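Asker: Here it is, the structure in full.
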Amino acid sequence: MSTLQTSPPAAAATVAGAEPPPRRRRHLLLPYGLLAPAAAVLALVLGYPLVRLVLISLQDYGLRSLFTGAVGWAGLANYLTVLQSPDLGPVLVRSIGFCAALVIGTLVIGLGVALLMGGLGRRMRVAVMFALIAAWAIPNVASTLVWQWLFQPVYGVVNWLLTRVGVFGDLTQRDWTTSAFSAFALVWLLVVWQSVPFVALTLHAGLTQIPRSYYEAAAIDGAGPVRAFTTITLPFLRPILGLVTILSVIWDFTVFNQIWILTQGGPGGQTTTLGIWTFTTAFSKNSFGQGGAIAVVSVVLLVAMTAVYVRRLVRSGEAL
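Given below as structure tokens:
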């Protein structure tokens with residue numbers, strides 16, 4: 117009589133299902149290997165300029181240093197000069213306020229356009245989408261130059277049309293950049309016009325993912341358009357709204373080309389934002405160290421604002 121030796125079934129299944137440690141390690145490292153090329157490109161394109169900017173902000177880097185290469189370390193002197201500058205407060209308030217106005221205007225108008233697109237026919241909706249993409253694809257420098265021509269005091273089309281209407285009197289000689297309010301309004305219209313297409317198309321894509329049965333059920337329950345918008349549309353769009361809000365804050369806080377081409381920070385520095393202040397300090401005053409310090413302060417403020425908003429989204433349970 118022979119004796120058979122068998123292993124317990126559970127132990128056999130465990131041994132058969134276990135992977136060799138090297139193979140398991142390869143599975144764990146595979147995602148990092150796939151992300152490594154993109155991380156290297158980001159580190160080269162974004163990381164190096166940022167590190168270089170921080171180094172310049174700590175140096176006594178002026179026009180002489182640019183030609184001779186002799187650079188002295190200033191430590192935190194550039195930051196102290198910037199923080200003690202009487203221009204910091206007005207520029208900071210102006211930058212944050214203008215950014216908020218741009219973000220609110222872009223989101224409100226973009227959401228309105230997205231909702232209107234949902235009620236259009238297929239051909240008209242495609243035509244509107246094509247127009248939005250065409251407007252968004254134009255480089256901001258080119259569109260700003262066209263905007264400048266439209267509002268030119270003597271030959272501008274806008275002044276001519278407003279004069280022909282006759283409600284506002286003779287505006288053929290009107291220069292919209294001579295006052296802070298009209299200059300900011302001019303830039304606001306331009307930036308919002310350039311930003312609305314992306315927001316509208318993104319929100320429209322989100323609207324197409326909402327099941328129509330939800331609106332039908334709400335209509336059966338007697339909900340009107342406003343109630344359906346607040347109880348169905350907004351909750352579904354909240355993650356997308358959070359995403360476009362963060363992107364709008366990043367883009368609008370760093371607006372430079374439009375302001376510089378139209379006003380160059382005038383009149384009397386009343387449209388100077390952090391971006392304009394950085395440029396004029398670095399290249400007009402040839403103080404690259406102080407300009408770098410202003411740029412670093414701008415980056416810190418931008419990261420802080422976006423981090424606060426992202427934290428609120430995470431706490432509310434919304435995933436981007």
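End of the sequence shown = 436 in the working numbering, gap-free, step of one.
Glycine included, every Cβ here is placed at the ideal spot set by N, Cα and C.
All values reported here derive from a predicted model rather than from experimental measurement.
#1: Going by other Cβ atoms of all chains shown within 10 Å of its Cβ, with 16 needed for buried, is arginine 428 buried or exposed?
#2: Does DSSP put glutamine 175 in a helix, in a strand, or in coil?
#3: Could you check if leucine 357 is buried or exposed, using at least 16 other CB atoms within 10 Å of its CB as the buried criterion?
#4: The alpha helix (DSSP H) spanning leucine 212 covers which residue range?
#5: Give the DSSP-derived three-state secondary structure of tryptophan 367 in the structure shown.
#6: To which residues of the same chain is valine 273 closer than 7 Å at the C-beta, ignoring the five residues directly before and after it?
#7: My understanding is that phenylalanine 214 touches threonine 389, with C-beta atoms under 8 Å, so please give their C-beta distance in whole angstroms.
#8: Run through DSSP, which three-state label would tryptophan 189 get?
#9: In whole angstroms, what separates the C-alpha of valine 283 from that of proline 341?
#10: What is the DSSP secondary structure of serine 403, reduced to helix, strand or coil?
#11: With DSSP run on the structure shown, which of helix, strand or coil describes threonine 349?
#12: Using three-state DSSP, classify proline 339 as helix, strand or coil.
#13: Residues in the same chain with beta-carbon distance under 7 Å from valine 207, minus the five sequence neighbours each way, listed in chain order, please.
#14: For isoleucine 249, count neighbouring C-beta atoms within 10 Å of its own C-beta (all shown protein chains included) and say buried if the count is 16 or more, exposed if not.
#15: Tell me whether arginine 290 sits in a helix, a strand or coil according to DSSP, three-state version.
#16: Should alanine 423 be labelled buried (16 or more other beta-carbon atoms within 10 Å of its own) or exposed?
#17: Do the CB positions of leucine 378 and valine 303 come within less than 9 Å of each other?
#18: Looking only at its own chain, which residues have a Cβ that is under 6 Å from the Cβ of threonine 324, when we skip the five neighbours before and after it?
#19: Can you list, in chain order, the residues of its chain with a C-beta nearer than 6 Å to that of alanine 127? Leave out the 5 residues immediately preceding and following it.
#20: Keeping to the same chain, check which residues put their C-beta closer than 8 Å to that of valine 187; ignore five residues upstream and five downstream.
#21: By Cβ distance, which residues of its chain are closer than 7 Å to tyrosine 331, with the 5 residues on each side in sequence left out?
#22: My guess is that tyrosine 195 and alanine 411 are in contact by the Cβ rule of under 8 Å, so how many angstroms apart are they, rounded?
#23: Restricting to Cα atoms, I'd like to know which of Pro355, Leu150, Ile326, Gln310 is closest to valine 219.
#24: With a cut-off of 8 Å on the beta carbons, I'd call glycine 226 and valine 312 a contact; round off their distance for me.
#25: Indicate whether tryptophan 252 and leucine 317 have their beta-carbon atoms separated by less than 9 Å.
#26: DSSP three-state label for threonine 197, please.
#27: Suppose contacts are defined by Cβ-Cβ distances below 9 Å. Is leucine 223 in contact with valine 315 by that definition?
#28: Cutting at 7 Å between CB atoms, please list the residues of its own chain near phenylalanine 246, excluding the five before and the five after it.
#29: Decide if arginine 328 is buried, meaning its Cβ has at least 16 other Cβ atoms within 10 Å, or exposed.
#30: Apply the 10 Å Cβ neighbour rule to aspartate 368 and answer buried if 16 or more other Cβ atoms are within range, or exposed otherwise.
#31: Taking all protein chains shown into account, do 16 or more other C-beta atoms lie within 10 angstroms of the C-beta of phenylalanine 300, making it buried, or fewer, making it exposed?
Answerer: This is what the structure holds:
#1: The residue given as residue 428 occupies position 312 in the sequence shown. So arginine 428 counts as exposed.
#2: As a position in the sequence shown, residue 175 is number 59, starting the count at 1. Here glutamine 175 sits in strand by DSSP.
#3: For this step, residue 357 is matched to residue 241 along the sequence shown. It counts as buried.
#4: Taking the first residue of the sequence shown as position 1, residue 212 is located at position 96. The identity of residue 212 in the sequence shown is isoleucine, whereas the question assumes leucine. Isoleucine 212 -> alpha helix (DSSP H) spans 204-234.
#5: Position 251 of the sequence shown, counted from the start, is the residue given in the question as residue 367. Looking at tryptophan 367 - three-state DSSP - the assignment turns out to be helix.
#6: Taking the first residue of the sequence shown as position 1, residue 273 is located at position 157. Cβ within range, chain order: Leu266.
#7: What you label residue 214 is simply residue 98 of the sequence shown in a count that begins at 1. What you label residue 389 is simply residue 273 of the sequence shown in a count that begins at 1. The Cβ separation is near 6 Å, so the contact holds.
#8: If you number the sequence shown from 1, residue 189 lands on position 73. Of the three classes helix, strand and coil, the one that applies to tryptophan 189 here is strand, per DSSP.
#9: Translated into the one-based positions of the sequence shown, residue 283 becomes position 167. Translated into the one-based positions of the sequence shown, residue 341 becomes position 225. Their Cα atoms are separated by approximately 36 Å.
#10: Counted from its first residue, the sequence shown places residue 403 at position 287. Correct three-state label for serine 403: strand.
#11: One-based indexing of the sequence shown puts residue 349 at position 233. In the structure shown, threonine 349 sits in a helix (DSSP, three-state: H, G or I).
#12: In the sequence shown, residue 339 corresponds to position 223, counting from 1. Contrary to the premise, residue 339 reads as alanine rather than proline in this sequence. Residue state, collapsed to three classes: coil.
#13: By 1-based counting over the sequence shown, the position of residue 207 is 91. The answer, listed in chain order, is Thr388, Thr389, Leu390, Trp393.
#14: Your numbering for residue 249 matches position 133 in the sequence shown. Exposed.
#15: Position 174 of the sequence shown, counted from the start, is the residue given in the question as residue 290. Coil at arginine 290, not helix or strand.
#16: On the sequence shown, residue 423 is found 307 positions in, with the first residue counted as 1. Per the 10 Å Cβ criterion, exposed.
#17: Reading the sequence shown from its first residue, position 262 is the one you call residue 378. Reading the sequence shown from its first residue, position 187 is the one you call residue 303. Yes, the Cβ-Cβ distance between leucine 378 and valine 303 is below 9 Å.
#18: Numbered from its first residue, the sequence shown carries residue 324 at position 208. Here the set comprises nothing.
#19: Counting from 1 along the sequence shown, the entry for residue 127 is found at position 11. With a pLDDT of 47 at alanine 127, under the threshold of 50, the modelled position of that residue is not reliable, and the figure given next carries that caveat. Excluding positions up to five away in sequence, the list is empty.
#20: By 1-based counting over the sequence shown, the position of residue 187 is 71. For valine 187, where only same-chain residues beyond five positions count, the Cβ hits under 8 Å are Gln175, Asp176, Tyr177, Ser181.
#21: For the purposes of this step, residue 331 is taken as residue 215 along the sequence shown, with counting starting at 1. Only Ala344, Ile348 meet the Cβ criterion.
#22: The residue given as residue 195 occupies position 79 in the sequence shown. The residue given as residue 411 occupies position 295 in the sequence shown. So it is not a contact: roughly 11 Å between Cβ atoms.
#23: Walking along the sequence shown from the start, residue 219 turns up at place 103. Cα-wise, what sits closest to valine 219 is Gln310.
#24: Your numbering for residue 226 matches position 110 in the sequence shown. Your numbering for residue 312 matches position 196 in the sequence shown. With 8 Å as the limit, glycine 226 and valine 312 qualify as a contact, their Cβ atoms being about 5 Å apart.
#25: Your numbering for residue 252 matches position 136 in the sequence shown. Your numbering for residue 317 matches position 201 in the sequence shown. In this structure, leucine 317 lies closer than 9 Å to tryptophan 252 by Cβ.
#26: Reading the sequence shown from its first residue, position 81 is the one you call residue 197. If DSSP states are grouped into helix, strand and coil, threonine 197 belongs with the helices.
#27: The residue you call residue 223 lines up with position 107 of the sequence shown. The residue you call residue 315 lines up with position 199 of the sequence shown. Against a cut-off of 9 Å, the Cβ pair of valine 315 and leucine 223 comes out as a contact.
#28: Counting from 1 along the sequence shown, the entry for residue 246 is found at position 130. Result list for phenylalanine 246: empty, nothing under 7 Å.
#29: Residue numbering aside, residue 328 sits at position 212 when the sequence shown is read from its first letter. Looking at its Cβ environment, which holds fewer than 16 other Cβ atoms inside 10 Å, arginine 328 is exposed.
#30: Residue 368 sits at position 252 when you count from the first residue of the sequence shown. Answer is buried; the Cβ neighbour count reaches 16.
#31: Taking the sequence shown and counting its residues from 1, one reaches residue 300 at position 184. Result: buried.
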